[in-house]
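Asker: Sharing a structure with you now.
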Amino acid sequence: MPFSQKILQWYAENKRELPWRSTTDPYKIWLSEIMLQQTRVAQGTPYYLKFVKHFPTVVHLADAPEEEVLKLWQGLGYYSRARNLHATAKKVAYKMNGEFPDSYAELIKLKGIGDYTASAIASICFGELQPVVDGNVFRVLARYFGVDRPINDSGGPKYFKKLAREVMPLEEIREYNQGIMEFGAIQCAPKKPYCLHCPLNESCVALQKNKVHELPIKLRKTKVRNRFFNYLVVLGQNEQGESVSILNQRTGKGIWQNLYEFPLVESEARIGLDTLKKSIPSNLQPDLINEINLYNEKEIVHKLSHQHLHTRFWIVKTTAVISKGIPLKDLEKYAVPVLIAEFMKAFKF
DNA sequence: AAAACGGGGAC
DNA sequence: GTCCCAGTTTT
1 MPFSQKILQW
11 YAENKRELPW
21 RSTTDPYKIW
31 LSEIMLQQTR
41 VAQGTPYYLK
51 FVKHFPTVVH
61 LADAPEEEVL
71 KLWQGLGYYS
81 RARNLHATAK
91 KVAYKMNGEF
101 PDSYAELIKL
111 KGIGDYTASA
121 IASICFGELQ
131 PVVDGNVFRV
141 LARYFGVDRP
151 INDSGGPKYF
161 KKLAREVMPL
171 EEIREYNQGI
181 MEFGAIQCAP
191 KKPYCLHCPL
201 NESCVALQKN
211 KVHELPIKLR
221 KTKVRNRFFN
231 YLVVLGQNEQ
241 GESVSILNQR
251 TGKGIWQNLY
261 EFPLVESEAR
271 IGLDTLKKSI
281 PSNLQPDLIN
291 EINLYNEKEI
301 VHKLSHQHLH
311 TRFWIVKTTA
321 VISKGIPLKD
331 LEKYAVPVLI
341 AEFMKAFKF
């Protein structure tokens with residue numbers, strides 16, 4: 001039996017019931033695919049359910065303010081996905097009559113949709129003959145066919161896409177594409193594949209050569225940059241006498257674009273109170289600050305894929321009236337990074 | 001071609 | 001600690 005038929009048979013017997021498996025609505029498939037980019041099913045599923053409930057159609061999503069989209073996305077990471085999601089929703093809703101394109105060629109033109117996602121939507125929703133190549137497929141193909149070429153050198157992805165196209169079936173592309181990914185996620189797992197009772201173990205090159213744990217080959221280690229964050233948690237009052245604090249929106253390039261955070265003083269290394277005081281932005285009216293207390297002596301090291309954020313929170317009490325302050329009860333309405341959300345939860349304003 | 005971009009779970 | 005997840009965009 002050919003490779004693709006084995007995959008289809010395995011999938012028929014082992015598929016999980018997932019919320020997006022019972023529809024071919026391009027909106028819902030698109031939503032699930034964007035959310036699952038570089039994200040495990042278990043982590044993405046609650047967000048998918050939340051979004052479908054909150055935004056039943058692409059028009060609902062398009063009509064929402066970006067702030068609302070980011071708030072619902074909070075905690076899922078890679079926030080450019082949320083911003084691109086919203087931009088594409090607007091385009092589909094307002095310029096394409098609310099209907100997603102029905103081909104790979106048109107889908108890949110949309111923001112946030114690359115080769116994988118265009119292939120997934122085109123095949124799953126419209127039956128177009130496009131093989132998907134995600135992290136699971138790289139692994140399954142590299143092992144089964146014994147490909148020792150790196151998956152991420154120049155031409156690597158193209159090589160695997162071609163191989164994927166050569167071995168895909170001409171029928172049942174919907175089930176096959178989902179099947180090979182599911183097979184990679186469940187059976188041909190990265191660390192502990194179940195080779196003993198694998199339906200492909202008699203013809204798997206990696207297994208025969210005892211190279212299962214060496215494949216796929218991936219180049220590059222991520223080098224991490226250390227950064228030192230000092231957040232100023234301002235406590236004051238507004239004109240109405242309400243207790244307020246301050247949040248700023250991150251703009252420009254870099255991490256957490258368009259999310260909110262406390263006023264930030266970044267430094268080259270850990271700093272003390274004296275150095276911090278000299279760095280406080282003038283718009284915080286440093287002369288009207290009563291006292292500053294360090295919340296956490298021990299740095300919180302928040303780890304991103306390319307950065308370690310050594311973070312300390314400083315509680316800044318002021319008698320000055322903060323006219324643009326955010327009432328404490330409203331803080332939770334803003335989209336913030338997990339680092340900030342965890343502080344808010346622990347601090348209990 | 002390489003780096004940037006989150007957060008969490010498995011080991 | 002390391003690896004990597006239904007990848008895409010920017011430099």
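Sequential numbering from 1 applies to the first sequence in UniProt numbering. Every residue, glycine too, gets a C-beta built ideally from N, C-alpha and C.
Count the other C-beta atoms from every protein chain shown that fall within 10 angstroms of the C-beta of N248, then say buried if there are 16 or more, exposed otherwise.
Answerer: Taking the first residue of the first sequence as 1, we reach residue 248 at position 248. N248 comes out exposed.
Asker: I need the boundaries of the alpha helix (DSSP H) containing residue 350, first residue and last residue.
Answerer: The first residue shown for the chain is 1 and the last is 349, placing residue 350 beyond what the model contains.
Asker: With DSSP as the reference, label R225 as helix, strand or coil.
Answerer: Here residue 225 refers to the residue found at position 225 when the first sequence is read from its first residue. R225: strand per DSSP, three-state reduction.
Asker: Which one of L31, A120, V301 has the shortest CA to CA distance from P19?
Answerer: Looking up residue 19 in the first sequence gives position 19. Nearest of L31, A120, V301 to P19, Cα basis: L31.
Asker: Please state the DSSP three-state secondary structure of L259.
Answerer: Here residue 259 is taken as the residue at index 259 of the first sequence, counted from 1. L259 falls in the coil class under three-state DSSP.
Asker: So the candidates are A185, L207, P281; which of them puts its Cα closest to the Cα of N230?
Answerer: What you label residue 230 is simply residue 230 of the first sequence in a count that begins at 1. With distances taken between Cα atoms, N230 lies closest to P281.
Asker: Any idea what DSSP makes of A320, helix, strand or coil?
Answerer: The residue you call residue 320 lines up with position 320 of the first sequence. Look at A320 here: in three-state DSSP terms it is strand.
Asker: I'd like the ranges of any alpha helix (DSSP H) spanning at least 4 consecutive residues and lying wholly in the stretch 266-327.
Answerer: 273-279
Asker: I need the boundaries of the beta strand (DSSP E) containing S245, first residue and last residue.
Answerer: For the purposes of this step, residue 245 is taken as the residue at position 245 of the first sequence. Taken as a continuous stretch (DSSP letters only), the beta strand (DSSP E) holding S245 covers 243-245.
Asker: Count the CB pairs spanning the stretch 165-180 and the stretch 236-253 that are closer than 8 Å, and state whether there are at least three.
Answerer: no
Asker: Is it buried or exposed for S103, if we count other Cβ within 10 angstroms and need 16 for buried?
Answerer: Position 103 of the first sequence, counting from 1, holds the residue named residue 103. Around the CB of S103, fewer than 16 other CB atoms lie within 10 Å, so the residue is classed as exposed.
Asker: What would DSSP say about V69, mapped onto helix, strand or coil?
Answerer: Numbered from its first residue, the first sequence carries residue 69 at position 69. V69 falls in the helix class under three-state DSSP.
Asker: Which of the three DSSP states, helix, strand or coil, is assigned to Y144?
Answerer: Along the first sequence, read from residue 1 onward, the residue named residue 144 stands at position 144. DSSP places Y144 in helix when its eight states are reduced to three.
Asker: Roughly how many angstroms lie between the CA atoms of N14 and F347, to the nearest whole one?
Answerer: Locating residue 14 in the first sequence gives position 14, counting from the first residue. Locating residue 347 in the first sequence gives position 347, counting from the first residue. Taking the straight line from one Cα to the other gives about 45 Å.
Asker: Which same chain residues end up closer than 7 Å to P190 when comparing Cβ atoms and leaving out the 5 residues on each side of it in sequence?
Answerer: Start at 1 with the first residue of the first sequence, and residue 190 comes out as number 190. Around P190: R139.
Asker: If we ignore side chains and look at the alpha-carbon of each, how far apart do K28 and V41 end up?
Answerer: Residue mapping note: residue 28 aligns to position 28 of the first sequence, counting from 1. Residue mapping note: residue 41 aligns to position 41 of the first sequence, counting from 1. If I take the Cα positions, the gap works out to 15 Å.
Asker: Give the secondary structure of Y159 by DSSP, where H, G and I count as helix, E and B as strand, and everything else as coil.
Answerer: For the purposes of this step, residue 159 is identified with residue 159 of the first sequence, where counting begins at 1. Helix.
Asker: Just to confirm my understanding: we take R81, look at its own chain, exclude 5 residues before and 5 after, and list those with CB closer than 8 Å. What are they?
Answerer: Start at 1 with the first residue of the first sequence, and residue 81 comes out as number 81. Hits under 8 Å: I34, M35, Q37, W73, G112.
Asker: Name the DSSP beta bridge partners of N230, please?
Answerer: For the purposes of this step, residue 230 is taken as residue 230 along the first sequence, with counting starting at 1. The partner list for N230 (beta bridge, DSSP) reads V265, R312.
Asker: Comparing C-alpha positions only, which one of G135, K345, K324, V234 sits nearest to T39?
Answerer: Within the first sequence, numbered from 1, the residue matching residue 39 stands at position 39. Among G135, K345, K324, V234, the Cα nearest to that of T39 is on G135.
Asker: What do you reckon, are the CB atoms on Q307 and R250 nearer than 8 Å?
Answerer: Here residue 307 refers to the residue found at position 307 of the first sequence. Here residue 250 refers to the residue found at position 250 of the first sequence. No, the pair does not count as a contact, with Cβ atoms beyond the cut-off.
Asker: For N238, tell me which candidate among T45, I340, L328, L129 has the shortest Cα-Cα distance.
Answerer: Position 238 of the first sequence holds residue 238. Among T45, I340, L328, L129, the Cα nearest to that of N238 is on L328.
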